[in-house]
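Numbering (my numbering), first residue to last: 399 to 737.
Taking it in order: structure first as structure tokens, then the write-up.
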């Protein structure tokens with residue numbers, strides 16, 4: 399599937415509490431962009447989210463464009479006339495028709511982003527294959543969390559993730575511990591890895607062993623992930639412990655720009671290794687991750703990567719920051735402190 403972006407509508411219910419619940423259900427699944435009503439800008443405090451305001455079909459805020467409904471040839475002609483004029487068109491077609499999307503993809507020629515409203519995994523899969531190119535993304539228009547999870551999990555589509563550069567404030571050796579290496583059935587490139595950390599609110603982008611070194615050959619299928627206790631983000635937006643992972647499980651591969659894809663695990667290796675703890679801070683809050691003390695273990699930075707053996711205070715590394723906490727791997731809207 400060639401899906402590039404996933405948004406979600408959280409603007410339909412008249413009750414603000416229900417709109418908040420919808421946004422939280424999407425956030426739990428890893429969605430970061432939401433269409434909301436005017437006045438719901440306060441939802442930005444729920445997590446690291448991009449809010450698009452829908453004012454009578456006109457979109458503003460995180461993105462600008464229009465909501466477009468197509469139920470007749472006349473509607474289609476009007477939508478095609480907007481291609482090249484608007485940055486984004488969020489398109490719904492009622493009973494679902496492929497032809498309008500084929501025509502819009504052709505008419506936009508990359509000048510306007512075409513986002514398709516979907517309410518089922520079948521629609522999502524279809525969107526990703528229209529004209530072999532797919533729409534530029536989907537906007538999930540579903541009224542319950544189960545439907546959202548169904549689309550995200552079964553369609554095997556993954557949203558882009560917002561990453562933040564934060565500064566390292568400490569690196570020190572600790573006792574040896576059980577370290578997990580994750581070998582996938584896919585290859586990765588420099589700048590790609592997995593999101594891992596000791597606190598679910600801050601997951602560090604640990605790079606794959608995709609760069610050659612003077613010590614060992616590159617192993618681009620592998621991420622030397624860290625200690626057994628650590629969290630890892632998986633494709634449905636939940637977290638799991640590294641110790642839980644097994645061959646055949648799906649993991650999330652994330653690039654420096656936040657782009658994400660799914661890979662299957664071929665093997666997990668737990669071995670006793672020398673460990674170190676990395677501490678980084680953002681807005682006065684400190685976060686940690688524990689990694690093997692080895693030259694080949696690297697964190698992704700805004701412009702490259704840095705080996706943990708060379709990491710020093712003041713270096714910037716990329717992380718995924720979220721608010722709230724986790725309960726059985728699911729995001730919850732409550733204050734949880736993990737030290």
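Just so you know, even glycine gets a beta-carbon here, dropped at the ideal spot from N, CA and C.
As the structure is a computational prediction, the values presented were derived from the model and not from experiment.
{"Check": "Among 691, 678, 653, which has the Cα closest to the Cα of residue 565?", "Outcome": "678"}
{"Check": "Give the straight-line distance between the Cα atoms of residue 727 and residue 423, rounded to the nearest whole angstrom.", "Outcome": "The pLDDT assigned to residue 727 is 43, lower than 50, so where the model puts this residue is not dependable, and the model offers no usable value."}
{"Check": "Looking at the secondary structure, which residues open and close the alpha helix (DSSP H) in which residue 499 lies?", "Outcome": "496-506"}
{"Check": "CA-CA distance, residue 691 and residue 616?", "Outcome": "17 Å"}
{"Check": "Taking C-alpha atoms, which residue in 476, 500, 588, 511 lies nearest to residue 651?", "Outcome": "588"}
{"Check": "Whole angstroms are fine: how far does the CA of residue 503 sit from the CA of residue 497?", "Outcome": "10 Å"}
{"Check": "Below 8 Å, can you find three or more Cβ-Cβ pairs linking the segment 449-463 to the segment 581-596?", "Outcome": "no"}
{"Check": "Cβ of residue 603 versus every heavy atom of the ligand NAP: is any distance shorter than 7 Å?", "Outcome": "Judged by which ligands are present, the structure shown has none, so any question about the ligand NAP falls away."}
{"Check": "For residue 614, I'd like the list of residues in its chain whose CB is within less than 7 Å of its CB, leaving aside the five on either flank, ordered along the chain.", "Outcome": "694"}
{"Check": "At a cut of 8 Å, does the segment 498-517 reach the segment 475-486 through at least three beta carbon pairs?", "Outcome": "yes"}
{"Check": "Given residue 608, which residues of its chain have a CB within under 6 Å of its CB, disregarding the five upstream and five downstream residues?", "Outcome": "586, 587, 588, 616, 618"}
{"Check": "Output needed for residue 744: all residues of its chain with C-beta closer than 6 Å, excluding positions within five of it in sequence on either side, in chain order.", "Outcome": "For the chain, the structure presents residues 399 to 737; residue 744 sits outside this window and is missing."}
{"Check": "In terms of residue numbering, what span does the alpha helix (DSSP H) encompassing residue 414 cover?", "Outcome": "414-426"}
{"Check": "Please work out which residues of its chain come closer than 6 Å, Cβ to Cβ, to residue 543, disregarding the five sequence neighbours upstream and downstream, and give them in chain order.", "Outcome": "423"}
{"Check": "How is residue 657 classed by DSSP in three states: helix, strand or coil?", "Outcome": "coil"}
{"Check": "Suppose the cutoff is 6 Å on Cβ atoms and the five residues either side in sequence are ignored; what does the same chain contact list for residue 581 look like?", "Outcome": "619, 620, 664, 665"}
{"Check": "Just to confirm my understanding: we take residue 569, look at its own chain, exclude 5 residues before and 5 after, and list those with CB closer than 8 Å. What are they?", "Outcome": "674, 675, 676, 677, 706, 709, 710, 711"}
{"Check": "CA-CA distance, residue 518 and residue 583?", "Outcome": "28 Å"}
{"Check": "Return the CA-CA distance between residue 446 and residue 719, expressed in angstroms with no decimal places.", "Outcome": "7 Å"}
{"Check": "Going along the chain, which residues of its own chain have a beta-carbon closer than 7 Å to the beta-carbon of residue 455, five neighbours each way excluded?", "Outcome": "464, 465"}
{"Check": "Could you tell me the alpha carbon to alpha carbon distance between residue 630 and residue 540, rounded to whole angstroms?", "Outcome": "27 Å"}
{"Check": "When DSSP labels each residue in this structure, what does residue 672 get in the three-state scheme?", "Outcome": "strand"}
{"Check": "What is the DSSP secondary structure of residue 513, reduced to helix, strand or coil?", "Outcome": "strand"}
{"Check": "Within 10 angstroms of the Cβ of residue 635, are there 16 or more other Cβ atoms? Answer buried if so, exposed if not.", "Outcome": "buried"}
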